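Comments concern the structure below.
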């Protein structure tokens, strides 16, 4: 009986080795898909002129000054931009000055104090540009507290991609 068990185990072992060996004898092949290249796009906003858009050295109540600013998407991705102003805190004149910003179709995009002026969510396709007209006025009702004051203001633009955002 013991011999029958040993012979049975031996037959099972030999069969397992043969099946295992036979399974290793299969045809195989492989292939590769090469040359998959990825590149990122760019977000690049450009302003022209880059500095001193509107200046006036001797304003009187009722005076205004204007200038055109070209905003260009120099990047490869569509972008959305916003603009805010930053004053130098030398005086409160920027709070008294009135600012109007228009697009090329003469649509008013902003009107209010120069201090805190802002635009938002303006979209430009890659390679496109738009002209914004900035008008800064010292209101007629400006009182004597503003005589002899000056301020320097920056128009700060920030851009971000529109895709997946």
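In the working numbering, the protein residues as written are 27 to 191.
A virtual CB, placed ideally from N, CA and C, is assigned to each residue, including glycine.
What you are looking at is a predicted structure, and each value in this text was computed from that prediction instead of being measured.
Residues bridged to residue i (per DSSP)
i: residue 95; result: 158
i: residue 149; result: 106
Through-space distance from residue j to residue i, alpha-carbon basis
i: residue 177; j: residue 65; result: 44 Å
i: residue 37; j: residue 31; result: 10 Å
i: residue 117; j: residue 107; result: 29 Å
i: residue 84; j: residue 153; result: 38 Å
i: residue 52; j: residue 28; result: 38 Å
i: residue 155; j: residue 134; result: 18 Å
i: residue 109; j: residue 140; result: 12 Å
i: residue 174; j: residue 191; result: 46 Å
Closest by C-alpha distance to residue i, when choosing among the options
i: residue 86; options: 78, 59, 75 and 119; result: 119
i: residue 100; options: 71, 110 and 164; result: 71
i: residue 74; options: 58, 28 and 157; result: 157
i: residue 143; options: 68, 122 and 83; result: 122
i: residue 102; options: 150, 140 and 164; result: 150
i: residue 112; options: 39, 184, 91 and 34; result: 184
i: residue 147; options: 154, 140, 115 and 188; result: 188
i: residue 138; options: 69, 163, 95 and 77; result: 163
i: residue 93; options: 186, 130 and 40; result: 130
Element boundaries [beta strand (DSSP E), containing residue i]
i: residue 78; result: That residue, residue 78, is in no beta strand (DSSP E); it is neither H nor E in DSSP.
i: residue 56; result: Here residue 56 belongs to no beta strand (DSSP E), and DSSP marks it neither H nor E.
i: residue 179; result: 179-187
i: residue 74; result: 71-74
Below-8 Å beta-carbon distance, residue i vs any chain D residue
i: residue 40; result: Of the chains in the structure shown, none is chain D; there is only one protein chain.
Which runs of the beta strand (DSSP E) fall wholly inside the stretch 83-146 and span at least 3 residues, in chain order?
DSSP runs (the beta strand (DSSP E)) wholly in the stretch 83-146: 90-99, 105-113, 124-128 and 134-139.
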